Amino acid sequence: MLKQPVSPPAGRLTSFALLLAFYGVPLLAEAPPPEGPHDLYNPARTALVNAQLQLAESSQQQREFLERIERMAKGIDNSLALLENASQLDPSRKVAIDQVRQRLAALQQEASLCTLARSTTLDTYDQLLNDLQGLIERY
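Add 30 to the 1-based position in the sequence shown for my numbering, that's all there is to it.
Spelled out as C-alpha cells, the structure:
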C-alpha cells in the first residue's frame, strides 16, 4: 500500500491562505469576530489600526476645514447684505455695487457646491472608520 505524501503544515497553510485570498475575502468581511482572546500583535491588525488612526486624523482635518468654510460663507452672506444696503443708500453707485454683488454671489454659489461635496465626504469618512473598526474587532 502506497502512502500518500503528507505536506508539511506550512505548505497547507500557504495553500489555505491562497484559497482564502482568492475565494474567501467576501466571506471574511461578513464573518463574526473570533471567539476567545484577540491577537493584538497581528501585523494585519496593526496595519488596520494605523490606517484607522490616519483616517481619523484626516477626518478631523476635513471637519475643521468645513468649519472654516462655513465661517467664510457667513462672511460672504454678511457682505452681500451690506452691499444690498449700500446700493439702496447710494443710488448713484447702484450699478457698480450690483456688479460686485453679482460676482460675490457667484463666489458664494461655488463655495456652497464645494461644501456640499465635502459634507458628503465626511459621511464617507465616518463609514470608512466604522468599517475599519469592524475589521479590527475581528482580530
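Even glycine gets a Cβ: it sits at the ideal position worked out from N, Cα and C. Every value quoted in this text rests on a predicted model; they were computed, and no experiment measured them.
Query	Result
If you reduce the DSSP assignment to three classes, tell me which class Ser-117 lands in.	helix
Do Leu-162 and Leu-78 have their beta-carbon atoms positioned less than 8 Å apart in this structure?	yes
What is the rounded straight-line gap between the Cα of Leu-85 and the Cα of Pro-67?	26 Å
To the nearest angstrom, how far is the alpha carbon of Leu-158 from that of Ser-89?	10 Å
Among the residues of its own chain, which have a CB less than 8 Å from the CB of Leu-152, if the five just before and after it don't count?	Ser-89, Gln-92, Arg-93, Leu-96
In three-state DSSP terms, what is Tyr-23?	What the structure shows of the chain is the stretch from 31 to 169, and residue 23 is not part of that stretch, so it cannot be assessed.
When burial is assigned at 16 or more other CB atoms within 10 Å of the CB, is Phe-52 buried or exposed?	In this prediction, Phe-52 scores a pLDDT of 44, lower than 50, which makes its location untrustworthy; the coordinate-derived value is nonetheless stated afterwards. Flag for Phe-52 reads exposed.
Just to confirm, are Ala-141 and Ile-106 a CB contact at a threshold of 8 Å?	yes
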